[in-house]
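Q: Okay, here's the structure, questions in a sec.
Numbering (the numbering used here), first residue to last: 40 to 692.
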């Protein structure tokens with residue numbers, strides 16, 4: 040049952056619930072806010088009402104003002120028609136129509152607004168037909184939802200349900216009597232009595248309706264006098280939420296079309312419950328709005344040069360919490376989060392290293408990789424000579440550092456070793472869409488993906504190798520509130536948890552000491568994992584990262600495909616950082632999955648090391664695959680090291 044609640048907040052969290060009598064409430068269900076609607080091609084929007092859910096005062100007032108004999112006549116009221124005829128004869132033209140509610144419904148549904156005798160006769164016949172085929176309650180319910188009550192650009196506002204939200208920003212059942220009177224009064228002429236454009240006319244008309252309400256005993260004379268003095272209470276801007284989240288609603292529509300045709304979406308009055316988190320959406324929009332102008336100023340780019348896309352999800356469930364497809368979040372055009380397929384650059388590297396670490400007897404996090412010049416001969420094409428971003432070479436680099444610092448040449452060598460097709464298959468398992476005929480350039484991110492595809496790929500990593508399709512819908516109810524569909528969680532194991540854990544451990548190094556080290560300083564203690572991405576000539580700036588409960592992907596670029604002068608760390612990362620600072624975060628768990636052991640490693644040799652070894656790091660390995668040899672920088676527990684054999688070694692031992 041509906042009830043008033045008192046809510047106490049503490050640091051943006053609900054700290055207590057009480058009912059109107061101040062009795063504590065243990066559990067309450069809040070109806071989620073409406074974020075948008077799908078409406079017919081005629082651009083007619085509605086919030087569908089059932090008669091039993093409509094405030095009785097509204098129904099009583101409507102009948103008292105528009106058609107007092109509604110429940111007695113059979114579609115037409117002869118006395119009202121005669122009265123209108125007399126007035127029209129005296130005026131010399133049609134000024135009144137004497138229309139009943141049924142006649143008005145027939146006109147709105149089937150006829151034009153022209154004032155002619157022939158049109159009026161057709162209206163009378165149709166009204167009688169309606170009364171023969173439908174009950175009074177059905178006619179009244181249809182009228183409540185059909186009557187035109189205003190215009191919002193090219194969108195017509197039909198019905199009292201939507202009009203309440205459009206003018207007052209609240210559900211119809213929450214309106215006080217004077218606001219009900221205003222809506223009923225607007226039936227006579229929604230444009231003429233528009234409370235935003237003509238408040239004086241609207242007040243005058245409202246007060247006429249209040250007088251009728253008092254005459255009919257719906258309110259007392261004392262109430263009438265009090266309510267006459269009230270302000271209109273109309274929002275200065277349209278209270279409709281249509282267009283507030285166009286990018287997210289595009290995703291909802293696409294997912295709905297997998298099960299419902301367009302006609303059903305537009306006509307059945309479905310209630311669609313989504314995964315949108317309004318707070319996350321607001322923070323994502325604010326991060327884009329604040330950071331893009333700063334990036335343009337810092338890089339001496341013209342205003343509005345850069346564009347951005349952001350997706351926020353819950354890693355385990357795959358629920359999409361926020362989605363930004365344009366730097367102007369109310370823009371309903373091209374949705375970059377869904378449709379901007381751009382090269383992903385170094386965001387591909389976790390897939391490369393996952394393919395390698397799934398061969399644990401060949402690769403581990405401490406495996407030394409060669410960082411030196413490389414040239415590949417290609418049949419029918421010039422030789423390919425990939426380079427590191429900084430044009431430097433480091434010799435031998437442990438795998439975990441190669442990923443954390445996003446060094447290109449080790450990744451290319453590993454990818455070529457495990458096989459281009461194998462890397463492409465791994466990318467596909469994670470949720471990406473590699474080319475049908477992958478080439479070695481795939482190792483440097485020469486694959487176009489939309490931000491939502493990147494989010495799917497990283498969701499699989501964040502969930503320990505379990506891929507859950509990203510979803511924007513939780514359930515669908517019909518117009519009567521009956522469940523039609525529930526979008527349950529579906530999970531597919533795309534990779535084993537142990538090698539995924541190794542990859543995400545290295546990605547934590549990206550945040551702790553690598554290309555996203557600035558993020559680790561701002562948000563320490565969360566064990567964030569992430570990856571920067573930069574494409575050729577600095578055209579695309581990416582960052583993808585996750586905590587235990589939030590995953591976000593950010594893209595920054597230009598629609599004309601010109602260079603942005605931004606890397607993943609200098610462009611997308613500031614947006615990601617501001618966003619994640621504003622969202623509630625949970626640290627990623629530190630416990631490893633089954634089958635993982637921790638081993639001390641000397642990063643300069645890739646071999647076992649004791650704590651006495653300078654620079655020793657503890658790295659996770661799949662059980663039974665860690666190095667068995669010991670580095671020469673310290674003694675093993677058995678007194679044996681890996682050195683060149685000499686008499687001096689014998690003496691030392």
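We put the beta carbon where it would ideally sit given N, CA and C, even for glycine. Given the structure is predicted, the values throughout are model-derived calculations rather than measurements.
For residue 227, tell me which candidate among 638, 245 and 214 has the shortest Cα-Cα distance.
A: That would be 245, whose Cα lies nearest to the Cα of residue 227.
Q: Please identify the residue among 308, 98, 239 and 298 whose C-alpha is closest to the C-alpha of residue 257.
A: Comparing Cα positions, the closest option is 98.
Q: Give the secondary structure of residue 695 by DSSP, where H, G and I count as helix, E and B as strand, and everything else as coil.
A: Outside the displayed range of the chain (40 to 692) lies residue 695, so it cannot be described from this structure.
Q: Does the distance from the C-beta atom of residue 473 to that of residue 481 stay below 8 Å?
A: Cβ distance < 8 Å, so residue 473 and residue 481 count as in contact.
Q: Quick check: the Cα distance between residue 477 and residue 667, rounded to an integer number of angstroms?
A: Using only the alpha carbons, I get a separation of about 36 Å.
Q: Straight-line CA distance for residue 287 to residue 515?
A: Rounded to whole angstroms, residue 287 to residue 515 spans 16 Å at the Cα level.
Q: Decide if residue 80 is buried, meaning its Cβ has at least 16 other Cβ atoms within 10 Å, or exposed.
A: The predicted model places residue 80 with a pLDDT of 47, which falls under 50 and marks its position as unreliable, so this point remains unresolved.
Q: Answer yes if the stretch 551 to 563 comes into contact with the stretch 614 to 623, meaning at least three C-beta pairs across the two stretches below 8 Å, and no otherwise.
A: Verdict: yes, contact present.
Q: In its own chain, which residues sit with a C-beta less than 6 Å from the C-beta of residue 285, not counting the 5 before and 5 after it?
A: Excluding positions up to five away in sequence, the list reads 371.
Q: Could you spell out where the alpha helix (DSSP H) holding residue 439 opens and where it closes?
A: Start and end: 438 to 443.
Q: Within a Cβ cutoff of 6 Å, which residues of the same chain sit near residue 451, ignoring the five residues on either side of it in sequence?
A: For residue 451, where only same-chain residues beyond five positions count, the Cβ hits under 6 Å are 425 and 482.
Q: Please determine if the stretch 263 to 277 and the stretch 298 to 308 are in contact, where contact requires at least 3 C-beta pairs separated by less than 8 Å.
A: Output reads no: the stretch 298 to 308 does not touch the stretch 263 to 277.
Q: From which residue to which residue does the beta strand (DSSP E) around residue 595 run?
A: Its beta strand (DSSP E) spans residues 590 to 596.
Q: If you count every other CB in all the chains shown that lies within 10 Å of the CB of residue 527, and 16 or more means buried, which is it?
A: Classification of residue 527: exposed, given that the 10 Å Cβ count is below 16.
Q: For a minimum of 3 consecutive residues, which ranges assigned as the beta strand (DSSP E) are wholly contained in the stretch 376 to 415?
A: Counting whole runs of 3 or more residues, the stretch 376 to 415 contains the beta strand (DSSP E) stretches 407 to 410.
Q: With DSSP run on the structure shown, which of helix, strand or coil describes residue 428?
A: The answer is coil: DSSP assigns residue 428 none of H, G, I, E or B.
Q: Secondary structure at residue 369, three-state DSSP: helix, strand or coil?
A: DSSP places residue 369 in coil when its eight states are reduced to three.
Q: How many Å lie between residue 587 and residue 88 at the Cα?
A: Each residue's Cα considered, the two are about 41 Å apart.
Q: Residues in its own chain within less than 6 Å of residue 59 by CB, not counting five upstream and five downstream?
A: Closer than 6 Å at Cβ, skipping near neighbours: 43.
Q: Within its chain, find whatever has a CB closer than 7 Å to the CB of residue 132; leave out the 5 residues flanking it on each side and keep chain order.
A: Any reading at residue 132 must be qualified, since the residue scores a pLDDT of 48, below 50, and its modelled position is unreliable; no value is offered.
Q: Which residues mark the beginning and the end of the beta strand (DSSP E) in which residue 660 is found?
A: First-last of the beta strand (DSSP E) with residue 660: 656 to 661.
Q: Does the distance from the CB of residue 607 to the CB of residue 543 come in under 8 Å?
A: For residue 607 and residue 543, no; Cβs fall outside 8 Å.
Q: Secondary structure at residue 488, three-state DSSP: helix, strand or coil?
A: If DSSP states are grouped into helix, strand and coil, residue 488 belongs with the strands.
Q: Take the Cβ of residue 401 as the centre, count every other Cβ of all protein chains shown within 10 Å, and call the residue buried at 16 or more, exposed below.
A: Per the 10 Å Cβ criterion, exposed.
Q: What does DSSP give as the partner residue(s) for residue 648 in the beta ladder?
A: For residue 648, which the question treats as bridged, DSSP gives no partner whatsoever.
Q: Between residue 260 and the rest of its own chain, which residues show a CB-CB distance below 6 Å, the 5 nearest in sequence each way excluded?
A: The answer, listed in chain order, is 253.
Q: Counting only the same chain and skipping the five closest in sequence on each side, list residues whose C-beta sits under 8 Å from that of residue 310.
A: So the list reads 515, 516, 517, 518 and 520, once near-sequence residues are dropped.
Q: Straight-line CA distance for residue 631 to residue 660?
A: Cα to Cα, the separation comes out at about 10 Å.
Q: Measuring alpha carbon to alpha carbon, tell me which residue in 166, 592, 580 and 612 is nearest residue 602.
A: That would be 580, whose Cα lies nearest to the Cα of residue 602.
Q: For residue 187, which option in 145, 255 and 590 has the closest C-alpha, if you only look at C-alpha atoms?
A: Per the Cα distances, 145.
Q: In chain order, what residues of the same chain lie with their CB nearer than 8 Å to the CB of residue 366, ignoring the 5 residues before and after it?
A: Cβ within range, chain order: 327, 328, 331, 343, 345, 346 and 347.
Q: Where residue 622 and residue 357 are concerned, what is the direct C-alpha to C-alpha distance, given to the nearest angstrom?
A: Computed Cα separation, rounded: 17 Å.
Q: So, are the CB atoms of residue 211 and residue 94 less than 8 Å apart?
A: For residue 211 and residue 94, yes; Cβs fall inside 8 Å.
Q: Per DSSP, which residues does residue 570 bridge with? Please list them.
A: Paired residues: 583.
Q: Using a 10 Å radius around the Cβ and a threshold of 16 neighbouring Cβ atoms, would you call residue 138 buried or exposed?
A: By the neighbour-count rule (16 or more Cβ atoms within 10 Å), residue 138 is buried.
Q: Provide the residue(s) that pair with residue 45 in DSSP beta bridges, ordered along the chain.
A: Partner(s): 57.
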